[in-house]
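Be aware that the sequence shown starts at -8, since it is given in my numbering, and climbs by one per residue. Glycine included, every Cβ here is placed at the ideal spot set by N, Cα and C. Because the structure is a prediction, the values reported are computed rather than measured. Quick notes on the structure that follows.
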Amino acid sequence: MKRTARTVLAMFVGVLALCGGAAVAQDGAGAPGAAIARRTADQLHRRATVWLRSLDVASSGDYRRAALTMSIAHRLAPDDAQFLRHQISAWDAAGDSERALRLTRELMRDDPKDTVAALRVINAGIGRLQDVDKRLGAYDRLLGPAGESIDASIRSRLALDAALLARETGDDRGFAERLLKATTLDVTNKDAVALQASYYLDRTRDASERFDLLSDVVLADPLDGNAYRNLSDEMIRNGAFRGAKRFLDIARMLEVSRGIEPTVPGVERYVTVLWNAEGPEAAKKIIDGMRNSAMSQEIMRRRQIEMQGLDPGPAEPVVVHPLLERLAMMIDDSMADPERARRAFGAVMLGYTRALDMAQDSSVWPKGTTPEEVEDTISEIKRERLWSRVLIGLDLDEAEGDLLLLEGAEEAARPSEMYLTLCRGWLELHRRQFEAAREHLGSIAASHPAARYGLGLIAEQENDPETALKEYARTALFFPESAFGALGRTRIAQIRGRPLGSTEAGSQLESKARSFAPWLESMVSDPWSFMSIQAEHVRSALGPLDRPVLRVTVRNLSRMPLAVGPSAPIDSSILLSPKLMVGGEEKLSVTRPEILRLNQRLRLMPGESFQTTIWTNYGWIGTLCDLAAGLDVMLRWRLIQGFVVLENGAYEAGPLCLSVQSDQIRRANLDGQITTEDLVAAIGSARGTALIEMISLAATRLVPAWKDPSGDAAVTARAQEDLARAIGERIATMNEWERVFAITRLGDAAFYTHKDRMLVDLVRVPAQAVDGVYSMTAYLMTFADRSDDPVIGRALAHPDADLSELASVVQTALRAGEEAADASPIDSGAAP
């Protein structure tokens, strides 16, 4: 019988099937209505979340405790994907991958488009096959016609895994075929595309093919600056400098967006590329601009000192890094401007003098610097200074003395022979000892651009322009990444009156670079050009007990598929920062952000979107809102994609990420004018929703952060005791669902009053009063603080497996704390 794609997928998913969870216990309160079940599930799930977040460091046992609570809560809201995702994360953190996978299967059934969940389930099924051939066969069946209905982004990841497995077995052909399949199925599969590029770059020297391989990596992640730099390097190697400049410009735009400062080697490379692409004048402007910027900063620094009534001291010349000043010196020299070149040489020498002074001043050494490292730094500075002198042909006597010292140095302090030969050759060149210079430079010209260029200078000095042109051309073509290659091109243009022509490969790459993805520049400068995020509440006006639900929509606005995930082009990490108004006052000090992980898709096609809805009150902010039931509450969220934390504790969107605001919701308040006496009486007699409302009002009065809306002069400690005692006494006569609400709401109040012991003691009730699965779960997560608590004993003996295990985990943690306290040196009287 021919298997359909759905049958094959089900076969592999089914490998993970585990035994079902525990059944919902009979609580004696009858089956709850939908609203009651929803409210109970919310209270228990949030209790687990808030408790877990209250820990400084959470252990695997702590995560297990939270996961078990979430599991029990999930029975009352089995279709809630948000709860299911939280539960999966908790089980993963608890180290129970089997249970997490079982729940992932459930999640995949509820949301068939969740490619992340589907991939995990399929991989787990294949991973259970211990035989390599069987695993490869399983991969190949899913990659063949039988698996065509599976999302291509999933199959692409499966193909990559299969390729890596084939490579482990020594099957190079199978590796290449499956790798090609992976990149064909999904161009956003960056791992596969990068691996394919690496594989074939080692096997081809064709410039066009290499461009295509590297450009595929760019398209897999258009926000990866390294991909552009790698592509630029390939352009440089083939003399396609305008294209190289384009990709370096994009890479720099990405670095600026990430707050990355340019490095000296990076600036050197860019200036050299610009020199080749647009000429020495354009290149010189970059270094001049950096120098002017440094000068402006120095002027501002001096003014600030003067404004404080202090003397800033004599003004010092402003220079940039000596390596950049030396590059400026070479550019000036190439433009036949000896005076400017001499001034630039002075800046180079000043830079190295300052560098030596700093190296010899131990007060400015970085922490942990060793004397050996300092000595190496000083030697390196002196070598660079010597090379600068012989390069420009100034201070030659000092250069001769330094070179003789190095040539006679012991092995440990002696530079490389290539360095010594290069310096000796250039020193002889400037002293017009051409035969000796030609011999020294010629011996290393094949491997050093300065030596090759020096041979051209010798020929020019000897009035042999043809030989000079050949040497300059060789320098430019063999060392295109070097400033000496740019010098060679400049001299050719000056001698011939026209520039050195491009190679065939260079011209081809320039054409490819001009036409390649012309929208990239706008994409890396404006995230709104390629994606959008929208956030709106399902309902903007809520009743006192209604749950706020936020709908978040993410859309790919670009012309190409884009990956979704942490640090992907569409970053899946979103921080929800609340703006909460309670009783007309904004609450800043007590609010906490939430984090949303949009881990439902591996990619989005052009124009495609996906939507998720979340109950926003599952954490701190929800607890706070519910504890303000007697007050007006207005809330809106700022969604910060790829968020980063600033030094002042504020948040901002990550590089090339979005920040949007939701609409505002308003939640109506309960009647806060009721007196404490009437509220106590109502708690004693009300049932159902009315009782829940009274408990909510009482909890509001137990939190000192809120104003008292009742008209009393103050909410006294006695009034708080009366309210807490009224709830505690009533718990015994509540039904299961009322009891869960009362326990969790008092627990919320206790948390925000620094776990007030009064509340803990007042809610101490006979064990038989807490006898349902859900109320015992609430109690264990809220008020159980002794390992011999009778509720723990009842829960341990309960037939519900999750509840029994939860009780065991709680008891173990409490017992460990008690034993640690008993062993304390202070408690035992032992000397500290």
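Asked, Found
"Please list the terminal residues of the continuous beta strand (DSSP E) segment that includes S650.", "650 to 652"
"Would you say L318 and I383 are within 8 Å of each other, going by their C-beta atoms?", "no"
"Over the uninterrupted beta strand (DSSP E) stretch that includes G613, give me the two end residues.", "Segment 611 to 617 is the alpha helix (DSSP H) holding G613; no beta strand (DSSP E) there."
"Hey, would you say P557 sits closer than 8 Å to S568, going by beta carbons?", "no"
"Reducing DSSP to helix, strand and coil, say where I631 ends up.", "strand"
"Are the segment 482 to 500 and the segment 185 to 192 in contact at 8 Å, needing three or more beta carbon pairs?", "no"
"How far does the beta strand (DSSP E) with H439 in it reach, from first residue to last?", "First-last for H439: undefined, no H or E at that position."
"Among all the DSSP beta bridges, which residues are the ones paired with L533?", "R658"
"I'd like to check one pair, S531 with I631: are the Cβ atoms closer than 8 Å?", "no"
"I'd like to know if the segment 88 to 95 and the segment 117 to 130 are in contact, where contact means that at least 3 CB-CB pairs between them fall below 8 Å.", "no"
"Residues bridged to H528 by DSSP?", "L541"
"Contact defined as beta carbons within less than 8 Å: I believe W519 pairs with L649. What is the distance between those atoms, to the nearest angstrom?", "7 Å"
"Residues bridged to Y835 by DSSP?", "As displayed, the chain neither begins before -8 nor continues past 823, which places residue 835 out of reach and without an answer."
"First and last residue of the beta strand (DSSP E) that includes R777?", "From DSSP, R777 is part of no beta strand (DSSP E); its letter is neither H nor E."
"How big is the Cα-Cα spacing for D654 and R592?", "25 Å"
"Roughly how many whole angstroms lie between the Cα atoms of A185 and V208?", "6 Å"
"Could you check the C-alpha separation between A157 and D131 for me, to the nearest Å?", "11 Å"
"Identify, in the order they occur along the chain, each residue of the same chain with its Cβ nearer than 8 Å to the Cβ of L170, setting aside the five sequence neighbours on each side.", "A150, L151, A154, A183, L186, Q187, Y190"
"Rank R423, L418, L413, H421 by C-alpha distance to the C-alpha of G433 and give the top, closest one.", "L413"
"Mind checking which residues open and close the beta strand (DSSP E) that includes W519?", "From DSSP, W519 is part of no beta strand (DSSP E); its letter is neither H nor E."
"Determine the direct distance from the alpha carbon of E512 to that of N608, and round the result to whole angstroms.", "40 Å"
"Do you know offhand how far L688's Cα is from R709's?", "16 Å"
"Please state whether DSSP places A554 in a helix, a strand or coil.", "strand"
"Starting from the C-beta of F3, find all residues in its chain whose C-beta is less than 6 Å away, skip the five residues before and the five after it, and write them out in chain order.", "Reliability of the predicted coordinates at F3 is poor, the pLDDT of 35 falling under 50, and the value obtained from them is presented with this limitation in mind. Excluding positions up to five away in sequence, the list reads I113, G116."
"From I674 to R716, what does the alpha carbon distance come to, in whole angstroms?", "10 Å"
"Does DSSP classify F470 as helix, strand or coil?", "coil"
"Tell whether a beta-carbon distance below 8 Å holds between L587 and I605.", "yes"
"Using 10 angstroms around the beta-carbon of R294, count the other beta-carbons present and answer buried if the total reaches 16, otherwise exposed.", "exposed"
"Based on Cα-Cα distance, which residue from G234, T31, F74, V543 lies nearest to W269?", "Note on residue identity: the sequence assigns Glu, not Trp, to residue 269. Ranking G234, T31, F74, V543 by Cα distance to E269 puts G234 first."
"Kindly provide the ranges of any alpha helix (DSSP H) runs that are 4 or more residues long and lie completely inside the segment 138 to 183, ordered along the chain.", "143 to 159, 163 to 176"
"Apply the 10 Å Cβ neighbour rule to R825 and answer buried if 16 or more other Cβ atoms are within range, or exposed otherwise.", "The requested residue 825 does not occur in the structure, where the chain is confined to residues -8 to 823."
"Please classify M349: is it buried, with 16 or more other beta-carbons within 10 angstroms of its beta-carbon, or exposed?", "exposed"
"By a C-beta neighbour count over all protein chains shown, 10 Å radius and 16 as the cutoff for buried, is W417 buried or exposed?", "buried"
"What is the residue span of the alpha helix (DSSP H) that M572 lies within?", "Counting along the chain, M572 falls outside any alpha helix (DSSP H), though it belongs to the beta strand (DSSP E) covering 564 to 573."
"Less than 8 Å separating the beta-carbons of A32 and A68?", "yes"
"Under the assumption that L35 contacts V731 (Cβ atoms under 8 Å), give the Cβ distance between them as a whole number of angstroms.", "7 Å"
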